[in-house]
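Read the structure below first, then the notes.
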Amino acid sequence: MPSKTAQVRHTSIYTRLCWECIANVRSIAAAGHISHGRLPRYALRLSTGRSHRNHVRAFHHGGVRRQELETAKDSNPASGVPTDVVLPIRQRLARWQEENGNPMSDLLGLDKAFGVRNVVADTYGEPKEGMSADSDRDNDAEDLPPSLYDQAISEYGGMFLQMGDLVEIESSRAHAPPTICVFVRRLSSQQIQLITMRGKWLAVVESSIRFSVPGFLDKKLVEPIVPYLPDAEVIEEVLGQTHILDPSVPRTITAPVVTALNDFSRQSEEVYRKHASVLDNAHDLLAHPTDLRFGTLDRVTDRLIGKDSSAPRMPAMYAVRKALLTARLAFGIDRRSHRTTGVFQIRSKKQLKYVAKAVQWLREYQEWEISRIMNETSEKTRLGHAKLTIGVRIVQGFVRKAREAIIESRKHRSAKYVDYGAVGPSSERFPINSPEGTIRFKPTVKFTESERVLIRVLEYASVQCIIEHDEPLNSLIPLILRGTGMYSEPPYDVELGKRAIYSFLLEIGVFAPYDDLTLYDVNLLLPNSQHSKPLQQLASTLSQMKASNVDLQDSFADLRKDLNGTVAFAIDDAGAHEIDDAISVSRITGTDSRVWIHVHVANPTAFISRDSTFARMAAHLTETFYSPERTIPLLPSWLTDDMFSLTSGRPCLTVSTLVDEHGNVLDVKIEHGKLGKVVHLDYKQLPAILDLEVNETKEMEPLVIGGDLPASCQRHAPEIPLEHKDDLKLIYKIAQARFALRQQNGGFNYAFSQPSISVHSRANKPGLPDTYPHRAIGIRTEGDPIIAIYPRKFRNPFSDMSCGSDILVTEMMLLAGESFAKWCEQRGIPIMYRTMQSEPGGPSYHEAYAATILPSIEQHGHITIGAGFRFLQQAGKGMMMTTVSPHPNLGLDAYVKATSPLRRYGDMVVHWQVEAALREEALSGHSSLINSKREDYLPYSRSQIEKIIERLHPRERLIATSKQRSVRHWISHWFFRAHYFNEYPLPKTIQVVVLRQAQSLTTTKQANNLAAWIETGVNMKIRPQDADGNLLQFGDIWEAEIDAVVPYYPDTILRPLRLLYREE
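No gaps in the numbering here: position 185 of the sequence shown is 710 in our numbering, and each next residue is one more.
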């Protein structure tokens, strides 16, 4: 009889086998080659698992693995929000915070970044990341900003790599340590060239860089190597491979680079060895028992090893970074923004506990299944059943319930396209004017607490995508899907990866079939995403307040000017709720060549202090998040609607600009006011009011699937007011002059006519009710939302826009941004000034303009689509700075965003700075701060503004791409239902114009081109080459057909068929 040790060793073997190996074991057992309960030697070799781990001497994997699998002690979740309605709201919030701590400090770390005082000491940093950690779901399909003003809103900053920077690149081998190199130069828009620690060169895609140390080496030490390197990008097959330098290259040339890299690596290893006991237990020291945290590398380093004066700072930080990455599941990063933010997700101890439990149960289940299979196969050889453990029973029970739920689901929804991460539309259809609307929810199966652990791990695999690099866990999760027997026969026999796992969650009723995964993004961290219970509870409390329960005082009531007699025009889309700007004009007696333009901006900052709960929540959200199905406001809706959204009698902060007939700024004033009459207008009313010829195509009928739109959502032309036309015509005249002036200064203007999307389930309210994962009781969703696309025929976005009515609001907002910036510049006030930066070594903005735009105008008489997009690629990146700098793309000497404080937290910060200066000048004398260098009166110092900039840069990109992704989600669902289920009569082929093309040899095989359906303006992805290998180019017009619609990503992918037009 084998010893107990041998039995244990034998048992552990099965847990390391994949299903492919199980099949081999089964065939061997059937042939009678297994006896005495032993597996063949090859199976023993496969089961050792040694290839899964790279043992690096300085980084102790054993401790890290224990850290992953050890279970944390249970801790009670935060208690609910107090419901004692007798107490005033401020006391209720104070009591709740005493009982639950300060969730915003754990989440945001606002003590340094935002100057907030009295936060708890265990804060590590603020969330400021991009798409889901370790996720490829947001591949490269970024849409384009629809207009010039939106471009100014969504400019993204980024750190340019420069010669001599140290960079880290990931290894192509699983779990192999990363490599540090020195950046040499850029080879193309995507490829960069590096020198390694061994003195070899290699080319990689820039997006593979996750860490950098700017200014690591003087570029004079790198420049001598350049003549010996190839200057062309490499083909995809050799990308990432190291290459030996020309043998004739003297070693003295590469020696400084190699020495510096090896010294950095050695110093980092020494730091790790010195602090190994701490770094091996980093997660235990940093993680919250139940809640998600975020931390910057700088602050995590301070927390773990302090200010170690014996080691240089950057090698110490790199040692900490490697320790965190080695811990795998315990920490996460955003792969797109991590290089510039250095932010880590610190996952809760409870989350790792869930994973450890799931791994244990699934391994027990796997072992039991192997034993069952071999015993069923061989009559002669009995191995004996593996023990029916608790884990086996849990998985079996969950698989059984899941199978029942899937069978029931497929009676009502097609599962033909589970490989696309989607199920078909419901067989039930309900009219929108019915009491419950178009959607019904019916409970199906109840899940136990243990089964909910498995559901969460399935979410980690397919929604948060945080375990895709954990090979053992990835190999275990498909056991659940296979166990149901519902994914083994055509057409359901698909690869059991992320898409299929998400389809499984849809079929068992955890998510609704139409749920937008953008809203669950862990980095976006919306209050209802369920990643943070304290955040969710606090948001719920704030949203349920009423203006009558909150005592918000006007801190500038004594300085507020009554604007009775002034008529201001608030121009926005029909149905807009956050009206945060209005425009008026004042003529100067005796002259027609100068006028005052007033932009009245909503003034919440006069009532909300920067360290209030409202401000902290706004700091976390950063912007109002708009998606077709719901809006998540920066400030609570009741606060905006009842107090701040602009209408007659509401408070405002007015920036007044004296301009001449050519649009030149002559003087600027800022003062607090109280609005008189406000006239609300829709953009579509302006052409008639301004007596403009409307050359645009008549508004097209919406493309609707799922039923009829509710009557309240039918778009009708509103009545046009006849009074005040002269004021609007004068404002429009100034807007035209400003447009011409900016263009003369090099400003580049464009506007994309993109369609809008609306989603409905009820007749009385657009959008959808809040959704959340149903982990306790699965739901069957009967019916589907109505989705409407409001098409706008595509036109050249770079065509002349100087005569369109759209420029009225755009130019006035840009004028206000310039005026705010100049007013602050005069007083030396640090705010988030906007500018652009060209890439080091690349063409300047004006050089790029001369090389791309001017030849197009000379040859074609206008800016072609191809020339316009090529210029945008070379023009540089938007940045924020604490000192003023010209913004060449806008054609302005100074610019800041300050006209949307109800929608953007950054605008609130600017207002707090401006208002502090207004108060100081009121106390000490009018304009007394001009040319002053004082900052002692300001709420934010220059260093604090720099901290805010560090957060706003990546957060703006995250929100902009998330909004675009949400629109893509609903467009893909529209096409999914129209194309595969014939809910709308699509043409067989469509004509599209190419808006983005593959720019590198490394991307020509990917579906990363962007195209617009000319007839509707809808953006889609398109294969980068046709069947004959012909590459698509900017501005091409192609006939194309739908190749695939994959809602999971979400993508609608076209196949190019025939070239119809190409720009010369």
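Ideal Cβ positions, reconstructed from N, Cα and C, are used throughout, including at glycine.
- Taking threonine 851 as part of the alpha helix (DSSP H), name the residues at either end of that continuous run. 838–851
- State buried or exposed for histidine 1498, treating a residue as buried only when at least 16 other CB atoms are found within 10 Å of its CB. buried
- Message: isoleucine 1104 and aspartate 1097 - do their beta-carbons sit closer together than 7 Å?
- Response: Going by C-beta atoms, aspartate 1097 is nearer than 7 Å to isoleucine 1104.
- What are the boundary residues of the alpha helix (DSSP H) that proline 781 is part of? Where proline 781 is concerned, the enclosing alpha helix (DSSP H) starts and stops at 776–799.
- Message: Restricting to Cα atoms, I'd like to know which of Phe789, Tyr1027, Arg798 is closest to proline 837.
- Response: Phe789
- Query: Hey, would you say threonine 969 sits closer than 7 Å to arginine 1300, going by beta carbons?
  - Reply: no
- Query: For tyrosine 1462, does the three-state DSSP call read helix, strand or coil?
  - Reply: Residue state, collapsed to three classes: coil.
- What do you get for lysine 936, buried or exposed, if any count of 16 or more other CB atoms within 10 angstroms of its CB means buried? Under this definition lysine 936 is an exposed residue.
- Classify glycine 682 as buried or exposed, calling it buried when 16 or more other Cβ atoms lie within 10 Å of its own Cβ. Low confidence applies to glycine 682: its pLDDT is 33, below 50, so where it sits in the model is not reliable, and the reading given next is rough at best. Glycine 682 should be labelled buried.
- Message: Please report the distance separating the alpha-carbon of leucine 712 from that of valine 1229.
- Response: 46 Å
- Message: If contacts are defined as beta-carbon pairs under 8 Å, then threonine 1407 and glutamate 1471 qualify, I think. What distance do you get, rounded to the angstrom?
- Response: Sure, about 6 Å apart at Cβ, within 8 Å.
- Task: Assess, as a yes-or-no matter, whether the region 1181–1192 is touched by the region 1112–1127 under the definition of 3 or more beta carbon pairs within less than 8 Å.
- Result: yes
- Any idea if serine 934 is buried or exposed, counting beta-carbon neighbours within 10 angstroms, 16 or more meaning buried? buried
- leucine 811 vs proline 781 beta-carbon contact at 7 Å: It is not a contact, given that the beta carbons lie outside the stated cut-off.
- As assigned by DSSP and simplified to three states, the class of serine 1054: Residue state, collapsed to three classes: helix.
- Message: So, for aspartate 1370: in the same chain, excluding its five sequence neighbours on each side, which residues have a beta-carbon less than 8 Å away from its beta-carbon?
- Response: For the sequence presented, residue 1370 should be read as tyrosine rather than aspartate. Cβ neighbours of tyrosine 1370 beyond the five flanking positions: Gly1271, Met1361, Ser1363, Ala1400, Gly1401, Pro1413, Asn1414.
- For leucine 669, which residues from the same chain have a beta carbon less than 6 Å from its beta carbon, with the 5 sequence-adjacent residues on both sides left out? For leucine 669, the predicted model reports a pLDDT of 44, less than 50, meaning its position is unreliable; a value from the coordinates is still stated below. Beyond the five residues adjoining it in sequence on each side, leucine 669 comes within less than 6 Å, by CB distance, of Phe1277 in the same chain, given in chain order.
- Which of helix, strand or coil DSSP assigns to valine 707: DSSP places valine 707 in strand when its eight states are reduced to three.
- Message: Taking the beta carbon of serine 793 as the centre, do at least 16 other beta carbons fall within 10 Å, making it buried, or is it exposed?
- Response: buried
- Measure the CB-CB distance between isoleucine 1356 and glutamine 1438 and report whether it falls below 7 Å. yes
- Item | Neighbourhood of isoleucine 980 by C-beta, 7 Å cutoff - its chain only, sequence neighbours within 5 removed | Taking isoleucine 980 as the centre and dropping the five residues before and after it, the same chain places the C-beta of Phe972, Val1035, Arg1300 closer than 7 Å to its C-beta, in chain order.
- Message: For proline 1464 and alanine 1441, which I take to be in contact (beta-carbon distance under 8 Å), what is that distance rounded to the nearest angstrom?
- Response: 6 Å
- Task: Leaving aside the five residues before and after arginine 928 along the sequence, list all residues of the same chain whose C-beta is less than 7 Å from its C-beta, in chain order.
- Result: Hits under 7 Å: Thr1009, Gly1010, Met1011.
- Message: In this structure, how does DSSP classify proline 968 when only helix, strand and coil are distinguished?
- Response: strand
- Task: Could you give the DSSP three-state label for threonine 1138: helix, strand or coil?
- Result: helix
- Query: Do you know whose CA, among Lys1071, Arg1267, Lys926, lies nearest methionine 1168's CA?
  - Reply: Lys1071
- Among the residues of its own chain, which have a CB less than 7 Å from the CB of threonine 1662, if the five just before and after it don't count? What is shown of the chain runs 526 to 1589, which leaves residue 1662 out entirely.
- Task: Check each candidate in Arg1580, Ile1455, Glu761, His1102 and name the one with the smallest Cα separation from threonine 1149.
- Result: His1102
- Query: Which stretch, first to last residue, makes up the beta strand (DSSP E) that contains glutamate 693?
  - Reply: 691–694
- Message: alanine 1419 and glutamate 1350 - do their beta-carbons sit closer together than 7 Å?
- Response: yes
- Is it the case that the Cβ atoms of isoleucine 1026 and leucine 983 are separated by a distance below 7 Å? yes
- Message: Please report the straight-line C-alpha distance between glycine 1450 and leucine 1339, rounded to a whole angstrom.
- Response: Cα to Cα, glycine 1450 sits roughly 29 Å from leucine 1339.
- Tell me whether isoleucine 734 is buried or exposed, calling it buried when 16 or more other Cβ atoms sit within 10 Å of its Cβ. buried
- Message: For the beta strand (DSSP E) containing threonine 721, name the first residue and the last one.
- Response: Per DSSP, threonine 721 is one residue of the beta strand (DSSP E) stretching across 716–721.
- Query: What are the boundary residues of the beta strand (DSSP E) that phenylalanine 1094 is part of?
  - Reply: 1086–1097
- Where tyrosine 942 and proline 1316 are concerned, what is the direct C-alpha to C-alpha distance, given to the nearest angstrom? 27 Å
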